[in-house]
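Colleague:
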Amino acid sequence: MSAPSKTDATPAETGPAPAEATVRKAPTPRSLIVSFFGAYGRELGGWIAVADLLALLGDLGVDAPAVRSAVSRQKQRGFLQARQAAGVAGYSPSAEAEQILADGDRRIHLQQNAKLADGWVLAVFSVPESERHRRHLLRSGLSRLGFGTTAPGVWIAPAHLADEARHTLERLDLAGYVDLFHADYLAYADLREAAARWWDLGAVQAGYADFSAQFLETETDPAEDSEAFATYLLAVDAWRRMPHRDPGLPPELLPDDWQGVRAADIFFGLHDSLRERGLDYARRVVER
Numbered sequence: 000m001s002a003p004s005k006t007d008a009t010p011a012e013t014g015p016a017p018a019e020a021t022v023r024k025a026p027t028p029r030s031l032i033v034s035f036f037g038a039y040g041r042e043l044g045g046w047i048a049v050a051d052l053l054a055l056l057g058d059l060g061v062d063a064p065a066v067r068s069a070v071s072r073q074k075q076r077g078f079l080q081a082r083q084a085a086g087v088a089g090y091s092p093s094a095e096a097e098q099i100l101a102d103g104d105r106r107i108h109l110q111q112n113a114k115l116a117d118g119w120v121l122a123v124f125s126v127p128e129s130e131r132h133r134r135h136l137l138r139s140g141l142s143r144l145g146f147g148t149t150a151p152g153v154w155i156a157p158a159h160l161a162d163e164a165r166h167t168l169e170r171l172d173l174a175g176y177v178d179l180f181h182a183d184y185l186a187y188a189d190l191r192e193a194a195a196r197w198w199d200l201g202a203v204q205a206g207y208a209d210f211s212a213q214f215l216e217t218e219t220d221p222a223e224d225s226e227a228f229a230t231y232l233l234a235v236d237a238w239r240r241m242p243h244r245d246p247g248l249p250p251e252l253l254p255d256d257w258q259g260v261r262a263a264d265i266f267f268g269l270h271d272s273l274r275e276r277g278l279d280y281a282r283r284v285v286e287r
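Sequential numbering from 0 applies to the sequence shown in numbering that gives the first Met the number 0.
#1: What do you get for Leu297, buried or exposed, if any count of 16 or more other CB atoms within 10 angstroms of its CB means buried?
#2: At least one CB of chain C closer than 7 Å to the CB of Gln98: is that the case?
#3: Helix, strand or coil, according to DSSP, for Ala48 in the structure here?
#4: Hey, is the stretch 75-88 in contact with the stretch 38-53, meaning 3+ C-beta pairs nearer than 8 Å?
#5: Please state whether DSSP places Tyr90 in a helix, a strand or coil.
#6: Using only CA atoms, which one of Asp104, Asp102 and Gly77 lies nearest to Ser91?
#7: Taking C-beta to C-beta, are Asp58 and Ser272 nearer than 7 Å?
#8: Given Ala158, which residues of its chain have a CB within under 8 Å of its CB, disregarding the five upstream and five downstream residues?
#9: Determine the direct distance from the alpha carbon of Pro28 to that of Pro221, and round the result to whole angstroms.
#10: Is Trp238 helix, strand or coil when you go by DSSP?
#11: If Arg239 sits next to Ser34, beta carbons under 8 Å apart, how far is it from one beta carbon to the other, in whole angstroms?
#12: Do Gly103 and Gly206 have their C-beta atoms closer together than 7 Å?
#13: Between which residues of its own chain and Ala227 is the CB-CB distance below 7 Å, once the five residues before and five after are set aside?
#14: Evaluate Gly147 with the Cβ neighbour count: other Cβ atoms within 10 Å of its Cβ, from every protein chain shown; 16 or more gives buried, anything less gives exposed.
#15: Alpha carbon to alpha carbon, how far is Leu248 from Ala156?
#16: By the DSSP assignment, the beta strand (DSSP E) with Gln83 in it spans what residues?
#17: Going by the beta-carbon positions, is the gap between Val123 and Arg134 smaller than 7 Å?
#18: Give the DSSP-derived three-state secondary structure of Ala122 in the structure shown.
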């Protein structure tokens with residue numbers, strides 16, 4: 000469910016694709032808006048009045064000026080579009096944002112791990128030196144999708160990420176620079192060792208461990224529905240980045256102490272206990 004971005008830092012040319020730093024930061028209003036539409040907004044009709052969005056994010060301690068500023072930025076970035084309903088000002092996700100959210104749903108809720116027999120998708124790109132900014136954008140986009148680097152200009156991911164890669168490249172207007180191939184690994188080298196070179200699995204591990212530490216003791220039966228709403232939205236906002244850092248490698252290629260299983264158990268436990276209460280609360284806010 001990541002919002003479109005053309006300003007992310009550039010990953011290294013070779014070596015494992017770096018995951019984002021795992022230093023815990025407070026969620027930004029802009030990120031919470033994306034998480035809100037991914038977790039709740041579409042089930043509320045895909046449109047929300049400005050006043051209701053201010054009220055709901057206010058339950059997370061975000062003040063009105065910060066929400067308005069974030070909405071304005073998301074509109075400029077093409078994630079939100081302004082729309083009136085019965086004369087009331089509000090916003091809904093753009094068509095591009097709907098595709099982003101749909102791709103995010105598959106990552107966040109399916110817990111999909113590849114099988115070795117499924118093969119791989121290779122992204123081979125060549126960008127002219129005169130368009131270096133596109134090269135940087137391309138590397139960032141592939142890294143956020145969970146691709147690893149096998150060589151300069153050659154990136155790899157499990158085959159199940161092929162459609163999402165195609166959607167992302169088209170959205171960023173980069174499809175013309177990339178060839179996508181379905182591939183099998185035929186070398187005699189140890190594939191587990193190769194995966195450790197292609198991806199920074201240690202950084203992904205650290206991200207999962209940080210999520211677990213943050214939400215392990217989260218209250219799963221809060222007294223107030225507003226708290227259930229806020230807690231679940233914060234969990235979604237923290238979790239939704241993790242499946243995009245994690246390519247979903249076959250279990251045989253993962254470290255023995257892989258932290259993703261524990262973190263997923265925590266997130267889906269919160270999902271099962273808090274989401275519906277939070278959705279009911281959000282409905283009451285927008286219907287009152």
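Cβ coordinates follow ideal geometry from the N, Cα and C atoms, glycine included.
Modeller: According to the data block:
#1: The question about residue 297 has no answer here: the residues shown for the chain are numbered 0 through 287.
#2: Here chain C cannot be found, since the structure has a single protein chain.
#3: strand
#4: yes
#5: strand
#6: Gly77
#7: no
#8: Ala113, Asp117, Gly118, Trp119, Val120 and His181
#9: 23 Å
#10: helix
#11: 6 Å
#12: no
#13: Pro221, Leu273, Arg276, Gly277 and Tyr280
#14: buried
#15: 8 Å
#16: Leu79 to Ala84
#17: no
#18: strand
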